[in-house]
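Q: Input: one structure, supplied below.
Protein chains in written order, with the numbering used here: chain A, 1 to 163; chain B, 1001 to 1772.
Take a look at the structure:
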């Protein structure tokens, strides 16, 4: 059975997505909506990773520690935040933000389709607990995709047609 | 008459459910004027969303007082302190009387042609160089319908920008979004008449005794009458209404969703819901049940820091009510999870089947007097007439009315919200911003940021106002505007009552009505429709009103049955008013059919926690088709919580004597003397811990700024600091920013907004307080 493998892969994707949300949030700290929302969504991804951790044991799958965050992370966040506040008034920051949101969208879509795969596996394995994890988390991932779509739709005209 | 400064609500006139609310005519005239020589002009009050009808007293070309209109359904002659005394601002010496332009860094007087030419030249050059995305408008909740509608056509069809919003974003955006999410469209379901008929009043985050004093008088008259309704008040502060309440849930600020989920939990768990009605008239019950199941009173009591027994008792009263009337305002709209909480209040009424019936309904209140018109005419985050920007047929219908191509009307996204307009100005993406009748330099969050945006070189700022406000002092062009009483027009209150306000006097100096200013700019730009005729085809307020009627025809806010003449002499009229309802409509949805069909809805809705927008296909999949939508949401704590450095939580709000940034009320002697300066309200326990007693000067600091003022020790949830937001700097030496002692509450607040309504959250920010 390769369920453990799928769990491990999704755990990695969610952890990476959490990091990306945080980075984008810090990089665009002068954009308050993105800053706050990205931090909320990063926490949501971390919760997904934790829930995957709780079910991984049954598939004899070892996952990296969720709490093991790079020591440099805090320092990097602070630097990005400072950079953002210095550069936040410049127009290219809007174009960069659009690019970052697009990258996040693609990463969130990858998570989403991987949840679909894991959900199918959970059904076939008759694993009710895993199925519940998939249902809860996948719903949230779908909302993340929807939120990113909303942001990209609203922001594109200004960046691409205005200046 | 006794001073209505000390006796805010005046003499009681108790009545019961079977009676009419007795009349009581309130009047205040300049005592030096001979009453017999006063002429009267019909109008209504523009100092809160209650919209009390009044007559303006005129003597020798000056406004000399006001008198409530006994015949009117809204107030039966009564007026509150702001209404009685606020008119004196019209006569203030420091009214703007001539246009100003910036020359060598200074604002200097000029004539209209010079000012407008400068404005239009800049507008043209930005349009040519960058295009419509570089143009923004930020308007108000205090103009007249005719002004707004003219502005909406000028900005949306004429200039073609999507960046038009009102300061209504700060006061009433959540009301509009909660109505759209639940009922499919904006439009107040209930009516003030329901206060007369209800058996239970449910106030969630509304300090109505201070914000809408005349509706509170009406409630007091019921509460002191023979069949007193039950009153439940949800508010962290011990307000006047909380003191009158049967149950006061003094929850921690920012926890509305947790409390409301527990109340819904109790209604469902104890089967105090109308299942038959729910099945016939709503969708989403099962999903809602799944979420509120997780909020038993014990869990929410811990989050909200109240007694679980009180939550149970409140749910019992709500569950026993037969005519439940709910009120919502800034304690929800400007608080954590604003739209979600407002929708949950709608759910309380829906689960009880209590909507659209006499005495039973919801009033998602407004803040400002004409905020309703900002929303209706499309000067807020919607297209005119509550049209759905995502629905091509509705956009095409608007294009038909305006005689333009559908693509000429920006509808690629929701109209840009105010906070984003300022963000785009900060980035230099918006280069021309016209601020109309509002004062972001005091009313917006995080003022040091706001001042740096307004003052930045890359922004050409136009301000039209009656006074040189804090904001106007940053402007490149200042245009003097006529106030209420100096122009004719209509406006609509929070229960859909439309009033006519006649011109009583001439504007001072060269000041002009806002509509005339917009028309002058449209003329200078030479704006045309697709047939080459002038885009804006009206010149007088009455012609503008007739044009608006055409735009509103067949829409939920149908005005086609109203004329200026019909509004003269009698009471105000509630829309929709048309051939089917020539006398207006007391309450919406009395047939239990809502505007949720996918072809008619104003909005396809949002996921409430993130603000992610649903698509047309997702909306169709709901099969709401006329049934109300029970939205659900988990509780999420506020983004900023008190910590070691900043151990307290700030909430800002209003006092009964002032309105918005005191531009008018600060120029009325009685109101100004009543509350001349800011103060800092603390709970007794916190004051004691800080060694602060009543009157001590304290300093309040947040990560964003500081404020100083005298302390008041009041009944309040422990850990909360309350500061009124009205006070700025126009009447201090420096004029536009702190000079020594900062006193604007928004020095402290956060730049953060609700994900759905985009209303700024003013009611949770971490702060620390120290004695000076």
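Where is the CB? At the ideal position from N, CA and C, for every residue including glycine.
On the premise that residue 1369 (chain B) lies in contact with residue 1156 (chain B), defined as a C-beta separation below 8 Å, what is that separation, rounded to the nearest angstrom?
A: That pair is no contact at about 23 Å.
Q: Please confirm if the segment 1481-1494 of chain B is in contact with the segment 1511-1527 of chain B, defined as three or more CB-CB distances below 8 Å between the two stretches.
A: The answer is yes - the segment 1511-1527 of chain B touches the segment 1481-1494 of chain B, with three or more Cβ pairs under 8 Å.
Q: Output yes or no for whether 9 Å exceeds the beta carbon distance between residue 1214 (chain B) and residue 1079 (chain B).
A: Result yes, Cβ atoms of residue 1214 (chain B) and residue 1079 (chain B) sit closer than 9 Å.
Q: Do you know whose CA, among B:1241, B:1025, B:1374, lies nearest residue 1207 (chain B)'s CA?
A: Of the listed residues, the one whose Cα sits closest to residue 1207 (chain B) is B:1241.
Q: Quick one: what does DSSP say residue 1054 (chain B) is sitting in, helix, strand or coil?
A: Reduced to three states, the DSSP call for residue 1054 (chain B) is strand.
Q: Taking 6 Å as the limit between beta carbons, can you name the residues of its chain near residue 1025 (chain B), skipping five residues before and five after?
A: Correct list, in chain order: 1068, 1070, 1077.
Q: Does DSSP classify residue 1468 (chain B) as helix, strand or coil?
A: Coil, per DSSP.
Q: Which residue from B:1437, B:1042, B:1302 puts its Cα closest to that of residue 1096 (chain B)?
A: Looking at the Cα atoms, B:1437 is the closest of the given residues.
Q: Please report the Cβ distance between residue 1088 (chain B) and residue 1445 (chain B), rounded to the nearest whole angstrom; I am assuming they are in contact, meaning their Cβ atoms lie under 8 Å.
A: That belief does not hold up - the Cβ atoms of residue 1088 (chain B) and residue 1445 (chain B) are roughly 30 Å apart, past 8 Å.
Q: Using a Cβ-Cβ distance cut-off of 9 Å, determine whether residue 1427 (chain B) contacts chain A.
A: By this cut-off, residue 1427 (chain B) is an interface position.
Q: At a Cβ threshold of 9 Å, is residue 162 (chain A) touching chain B?
A: Closer than 9 Å to some Cβ of chain B, the Cβ of residue 162 (chain A) qualifies, so yes.
Q: Quick check: what's the CA-CA separation for residue 1365 (chain B) versus residue 1653 (chain B)?
A: One C-alpha to the other measures close to 15 Å.
Q: Between the Cα of residue 1434 (chain B) and the Cα atoms of B:1595, B:1400, B:1741, B:1138, which residue gives the shortest distance?
A: Closest option to residue 1434 (chain B), Cα to Cα, is B:1138.
Q: Taking the straight line between their C-alpha atoms, what separation do you get for residue 1401 (chain B) and residue 1561 (chain B)?
A: Going from the Cα of residue 1401 (chain B) to the Cα of residue 1561 (chain B) covers about 18 Å.
Q: Return yes when the Cβ of residue 1737 (chain B) is within less than 9 Å of the Cβ of residue 1712 (chain B), no when it is not.
A: In this structure, residue 1737 (chain B) does not lie closer than 9 Å to residue 1712 (chain B) by Cβ.
Q: Start and end of the beta strand (DSSP E) containing residue 1434 (chain B)?
A: Where residue 1434 (chain B) is concerned, the enclosing beta strand (DSSP E) stretches over 1432-1436.
Q: For residue 1202 (chain B), which residues does DSSP report across the bridge?
A: BP columns for residue 1202 (chain B) point to B:1232, B:1326.
Q: Do residue 1234 (chain B) and residue 1352 (chain B) have their CB atoms nearer than 9 Å?
A: No; because the gap between Cβ atoms is not below 9 Å, this pair is not in contact.
Q: Using a Cβ-Cβ distance under 9 Å, would residue 1739 (chain B) count as near chain A?
A: Cβ-Cβ to chain A under 9 Å: no for residue 1739 (chain B).
Q: Give the DSSP bridge partners of residue 1613 (chain B), in chain order.
A: Beta-bridge pairing links residue 1613 (chain B) to B:1606.
Q: Could you check how far apart the C-beta atoms of residue 1403 (chain B) and residue 1530 (chain B) are, in whole angstroms? I think they sit under 8 Å.
A: Indeed, because the Cβ distance is near 6 Å, the residues count as touching under 8 Å.
Q: How is the alpha helix (DSSP H) around residue 1766 (chain B) delimited, first residue to last?
A: It is not in any alpha helix (DSSP H) - residue 1766 (chain B) instead sits in the beta strand (DSSP E) that spans 1765-1771.
Q: Does the distance from the C-beta atom of residue 1221 (chain B) to that of residue 1497 (chain B) stay below 9 Å?
A: No, Cβ-Cβ distance for residue 1221 (chain B) and residue 1497 (chain B) is not below 9 Å.
Q: Quick one: measure Cβ to Cβ for residue 1571 (chain B) and residue 1367 (chain B), integer angstroms, because I've assumed they're closer than 8 Å.
A: Not really, about 23 Å apart at Cβ, beyond 8 Å.
Q: Any C-beta of chain B sitting closer than 9 Å to the C-beta of residue 129 (chain A)?
A: Cβ-Cβ to chain B under 9 Å: no for residue 129 (chain A).
Q: Determine the direct distance from the alpha carbon of residue 1685 (chain B) to that of residue 1718 (chain B), and round the result to whole angstroms.
A: Answer to the nearest angstrom: the Cα atoms are 7 Å apart.
Q: Taking a Cβ distance cut-off of 8 Å, strictly less, list which residues of the segment 1607-1631 of chain B are near chain A, in chain order.
A: Cβ contacts with chain A come from 1607, 1609, 1610, 1611, 1612, 1613, 1614.
Q: I'd like to know whether the C-beta of residue 1752 (chain B) is nearer than 9 Å to at least one C-beta of chain A.
A: Yes, residue 1752 (chain B) counts as interfacial toward chain A.
Q: How is the alpha helix (DSSP H) around residue 1674 (chain B) delimited, first residue to last?
A: First-last of the alpha helix (DSSP H) with residue 1674 (chain B): 1669-1674.
Q: At which residues does the beta strand (DSSP E) containing residue 1083 (chain B) begin and terminate?
A: From DSSP, residue 1083 (chain B) is part of no beta strand (DSSP E) but of the alpha helix (DSSP H) over 1081-1085.
Q: Based on DSSP bridge pairs, tell me the residues matched to residue 1248 (chain B).
A: According to DSSP, which records beta bridges pairwise, residue 1248 (chain B) is partnered with B:1233.
Q: Using a Cβ cut-off of 9 Å, pull out every chain B residue sitting near residue 103 (chain A), in sequence order please.
A: Near residue 103 (chain A) there are no residues of chain B at all, since even the closest Cβ is about 18 Å away, more than 9 Å.
Q: Start and end of the alpha helix (DSSP H) containing residue 138 (chain A)?
A: Start and end: 128-161.
Q: Does the distance between the C-beta of residue 1436 (chain B) and the nearest non-hydrogen atom of the ligand FMN fall short of 8 Å?
A: Among the components modelled here there is no ligand, and therefore nothing to report on the ligand FMN.
Q: Applying a beta-carbon distance threshold of less than 7 Å, which residues of chain B neighbour residue 158 (chain A)?
A: In chain order: 1133, 1424, 1429.
Q: Taking only runs that begin and end inside the segment 1165-1194 of chain B, name each unbroken alpha helix (DSSP H) of 4 or more residues, in chain order.
A: Complete alpha helix (DSSP H) runs here, min 4: 1168-1171, 1173-1183.
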